[in-house]
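A.B. asks: Provided herewith is a single structure, encoded as structure tokens, for subsequent inquiry.
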Amino acid sequence: MINKFISKLKNKLRDKDIKEILLGSSLALIYRIFGMIGGYILLLVVSRYYGSKGLGIYNLLTSVLTIFVLIGTLGLKTYSLRFVSQFYTEGKYRKIFDLYKNIVQLTIPISILLSVLLFIFAKELSMYVFKDESLVLGFKIIGLIIPFMVLYSINIEFIRGLKNIKFSEFLRNLTVPLFNTVFLVLFALFMTGYYVAVISYTIAIAISFLLSTCYIIKIILGFKKYQHDNILKKEILKVSLPMVVTAFSFFIMGKTDTIMIGMFSTMENVGIYNAALKLASLTSFILMAINTVSAPKFSELYWSNKVEDLRKVVQFSSKLIFLFSIPVLCILLILPQFSLGLFGEEFKIGKYALIFLVIGQFINATSGSVGIFFNMTGDQNLFRNIMLIAVVINIVLNYILIPKYGINGAAIATMVSMSFWNIAGAINIKLKYNINTFYIPIILDRKHYFVKEAQET
0 MINKFISKLK NKLRDKDIKE ILLGSSLALI YRIFGMIGGY ILLLVVSRYY GSKGLGIYNL
60 LTSVLTIFVL IGTLGLKTYS LRFVSQFYTE GKYRKIFDLY KNIVQLTIPI SILLSVLLFI
120 FAKELSMYVF KDESLVLGFK IIGLIIPFMV LYSINIEFIR GLKNIKFSEF LRNLTVPLFN
180 TVFLVLFALF MTGYYVAVIS YTIAIAISFL LSTCYIIKII LGFKKYQHDN ILKKEILKVS
240 LPMVVTAFSF FIMGKTDTIM IGMFSTMENV GIYNAALKLA SLTSFILMAI NTVSAPKFSE
300 LYWSNKVEDL RKVVQFSSKL IFLFSIPVLC ILLILPQFSL GLFGEEFKIG KYALIFLVIG
360 QFINATSGSV GIFFNMTGDQ NLFRNIMLIA VVINIVLNYI LIPKYGINGA AIATMVSMSF
420 WNIAGAINIK LKYNINTFYI PIILDRKHYF VKEAQET
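Residue numbers (numbering that gives the first Met the number 0): 0 to 456.
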């Protein structure tokens, strides 16, 4: 059996595209594992030092920060990934230089405006939305970091588009958790209060921004010598704005539950729910590790009209996602209380919320790289529409279920909306492109068996 597996692996590695996906995903996965470890160490430090309330405040503030960053990026994260990859493959290096210049000119004014607005209205947001005046200082702190966070998040996708997966994933997965944890431990020695973790987080973002920006400037200055090829800001926004709607929809389904628990329940419940969410999302880092490499590859193959190669890479990516995700999901389903107990005894009441969230992640794992496929093939408008429907489902269910069922209601809302957009997206890809992103071994094995039987008869 082992020899058969090794033989199959060698055959796969002979294919250039599959080899790039497999080796690149392995590297990205290693970085994500270290990043995950750093993230969970940080989570444990915050929960142990400051309890479920401290963790709840930290998660709530970072969730609000994510809203402002999503608006500030104007959809240019995904836009950068798609077009930098395309221009780099085509050798249009001056376009890459002009693209980054336009991105900076578009995002800096809007992100500074958002920063000022959050700083000015921090008290109103705390008092009238979350009914907790102690959040004022926290909102002012995260307001200062918005411009840095916007450019840092775009920089990562820009570097990823240049196919420097090693550095992009180092920035994405290691720098923020590493510097955040280091500064948190240092500050905890002589500072008290729930906002210590937020202060250390803002410093970590600032350092990561500097590292990513210095690298990009160093690279693109070499592209300036090529012939000028103008890119209009209007053309950029025409493609990127549907992507920001999609990104915002992802955020809503990932963070609305946290925010609405904060509105309808306690900070303790926010902390408990987010611990369950973190555990259920363990498989997401596998999906994202594979998507890190497959996204620019999807763009490269689709825009080069290599449809069969694209189909092969999509199906191989789906298989990898499923095979690496299922063992983790099974462990969480079997040992939900034990897993949550790692954060403390009070977190064990999130058992059923964790189970619902894991079911949603199972659907996510079996559906493959749905969102990435749409955005990399220029079908961002269709995906935006699917996500908007999913958002409505998510908000309505959260509003109905959280007041009655608490964190379990939030978990059900997330499970249903996540299942909807994954299944709807996969079906649309099959109908429009005749590419199957689903991967469930039992069903596929039976299908192949019947096809083989039909061919033999």
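All residues carry an ideal CB built from backbone N, CA and C; glycine is no exception.
(1) Considering just the uninterrupted stretch of the alpha helix (DSSP H) at L278, what are its terminal residues?
(2) Ends of the alpha helix (DSSP H) at D97?
(3) Going residue by residue through the region 56-85, where are the continuous beta strand (DSSP E) segments of at least 3 residues, counting only ones entirely within it?
(4) Would you kindly work out how many angstroms separate the C-alpha atoms of N172 and F315, rounded to a whole number?
(5) Sort L124, L59 and D256 by Cα distance to Y194 and report the nearest one.
(6) What is the rounded straight-line gap between the Cα of A294 and the Cα of S79?
(7) Buried or exposed for T436, going by 16 or more other Cβ atoms inside 10 Å?
(8) Give a yes or no on whether the C-beta atoms belonging to A279 and V357 are separated by under 8 Å.
(9) Out of curiosity, what's the CA-to-CA distance linking I439 and N427?
(10) Am I right that A425 and V369 are in contact with their C-beta atoms under 8 Å? What's the rounded C-beta distance?
(11) How about F208 and F147: are their beta carbons less than 8 Å apart?
(12) Could you please give the first and the last residue of the uninterrupted alpha helix (DSSP H) stretch that includes L309?
(13) Could you have a look at K347 and say whether DSSP puts it in helix, strand or coil?
(14) Are the Cβ atoms of Y272 and T291 separated by less than 8 Å?
(15) Who are the Cβ neighbours of L54 in its own chain at under 6 Å, not counting the five residues just before and after it?
(16) If we ignore side chains and look at the alpha-carbon of each, how far apart do L43 and F342 end up?
(17) Report yes or no: do the region 295-314 and the region 168-188 share at least 3 C-beta pairs separated by less than 8 Å?
(18) Could you tell me the alpha carbon to alpha carbon distance between Y57 and G90, rounded to whole angstroms?
(19) Is it buried or exposed, K254, if we count other Cβ atoms within 10 angstroms and call 16 or more buried?
(20) From G74 to F249, what distance separates their C-alpha atoms?
(21) In whole angstroms, what separates the C-alpha of G405 from that of I145?
(22) Work out the CA separation of I36 and L113 for me, nearest whole Å.
(23) Would you mind sorting F149 into buried or exposed? The rule is 16 or more other CB atoms within 10 Å of its CB.
(24) Output the distance between the C-alpha atoms of S264 and P402, rounded to the nearest integer angstrom.
(25) Excluding the five sequence neighbours on either side, which residues of its own chain have a C-beta within less than 8 Å of the C-beta of L69, listed in chain order?
C.D. replies: Well, looking at it:
(1) M266 to A279
(2) Y92 to I119
(3) none
(4) 24 Å
(5) L59
(6) 12 Å
(7) buried
(8) yes
(9) 18 Å
(10) 6 Å
(11) yes
(12) V306 to I333
(13) helix
(14) no
(15) V45, S46 and G270
(16) 6 Å
(17) no
(18) 44 Å
(19) buried
(20) 12 Å
(21) 31 Å
(22) 32 Å
(23) The displayed chain sequence assigns Val, not Phe, to residue 149. V149 is buried by the Cβ-count criterion.
(24) 8 Å
(25) V243, A246, F247 and F250
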